[in-house]
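Numbering (my numbering), first residue to last: 295 to 587.
The structure is reproduced here in structure tokens:
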């Protein structure tokens, strides 16, 4: 699940990720055309059935091999998106190799993980808060999610070492370096720590840019920000018409021993930001930098 669902708690140290986004960033209900109540109810019912199926899959995990788990996770993710009426579009390179790889992506919503797993399931890094979510936290833990406690700087080296170990074993790890969700108007700075794991393991970094579209235009409606509750977000998503999640996969950034984690983080961030704004119109660019009222 996503890395930080609650942003109102006081920061325990100056380096805690913080997001300026909240419910004020979400569009008013009339801004995007929705579907009827009956159709929305069908989607919610189908989504609830997918969650129940995910619980069953989690119970069967210990009996499944690694490749089988990956295939099941990918199939489930694609079906879950379909149940919610979401279309997934993948652009950019589609490399065959997804081993020994640190995937880094901008962070918007709980949907991010499902969309990424629909392309290629990997080990996810999530905020420790997610572990305490009713039911969903258990599902995330059963899937092998690595949890990070950002309130404790002393725990960070151990988490980085664990990620490096997973990468050395040949697996891929996905992180959201912003450390928190944002509405999509801008992108937060990428935190450096996860990139140290790539350097330590000699793993490549694969940037991915994620955006939400409806009617061909960017939307912040699916974002899970501020005090917005997960279940409210899910109901909003299931009521949307023509929601598209677009993932753009960029070429790998090789982790060189001479590179610093700061350089890698800055490079990955610039690549993702450039992709997100590549096809931006002047009006969209203005709205991105103009203060919201």
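Backbone N, C-alpha and C define an ideal beta-carbon position, used for all residues, glycine too.
Note that this is a predicted model, so its numbers are computed, not measured.
Give me the Cβ distance between residue i and residue j, rounded to the nearest whole Å; I'm assuming they're in contact under 8 angstroms.
i, j, result
"residue 412", "residue 381", "So it is not a contact: roughly 11 angstroms between Cβ atoms."
"residue 565", "residue 544", "5 angstroms"
"residue 527", "residue 516", "7 angstroms"
Output the distance between the C-alpha atoms of residue i and residue j, rounded to the nearest integer angstrom.
i, j, result
"residue 387", "residue 351", "30 angstroms"
"residue 454", "residue 328", "43 angstroms"
"residue 571", "residue 433", "34 angstroms"
"residue 435", "residue 425", "7 angstroms"
"residue 349", "residue 355", "10 angstroms"
"residue 569", "residue 419", "23 angstroms"
"residue 584", "residue 506", "Note that residue 584 scores a pLDDT of 41, beneath 50, so its modelled location is shaky; the value from the coordinates is reported in the next line. Roughly 20 angstroms separates the two Cα atoms."
"residue 487", "residue 500", "16 angstroms"
"residue 466", "residue 391", "10 angstroms"
"residue 596", "residue 508", "No answer is possible for residue 596: the residues shown for the chain start at 295 and end at 587."
"residue 326", "residue 320", "11 angstroms"
"residue 541", "residue 504", "5 angstroms"
"residue 491", "residue 462", "10 angstroms"
Please name the residue in the options whose C-alpha comes closest to that of residue i.
i, options, result
"residue 332", "340, 563, 325", "340"
"residue 361", "393, 377, 384", "393"
"residue 561", "435, 483, 520", "483"
"residue 494", "370, 347, 451", "451"
"residue 555", "423, 474, 396", "396"
"residue 464", "496, 383, 319, 529", "496"
"residue 422", "446, 510, 347, 536", "446"
"residue 510", "498, 539, 533", "539"
"residue 469", "449, 481, 502", "502"
"residue 378", "320, 547, 529", "529"
"residue 473", "376, 533, 401, 320", "401"
"residue 439", "407, 428, 448", "407"
"residue 415", "398, 368, 376", "368"
"residue 343", "326, 370, 478", "370"
"residue 265", "428, 384, 427", "Examination of residue 265 is not possible in this model, given that the chain is present from 295 through 587 alone."
Does the ligand SAM have a heavy atom nearer than 7 angstroms to the CB of residue i?
i, result
"residue 541", "Here there are no bound small molecules, and the ligand SAM is not part of this structure."
Across which residues does DSSP place residue i in a beta bridge pair?
i, result
"residue 411", "For residue 411, which the question treats as bridged, DSSP gives no partner whatsoever."
"residue 419", "440"
At 3 residues or longer, what runs of the beta strand (DSSP E) sit wholly inside the region 499-553? 537-543
Starting from the N-terminal side, write out each stretch of the alpha helix (DSSP H) that is 4 residues or longer and does not extend beyond the region 326-375. 331-354
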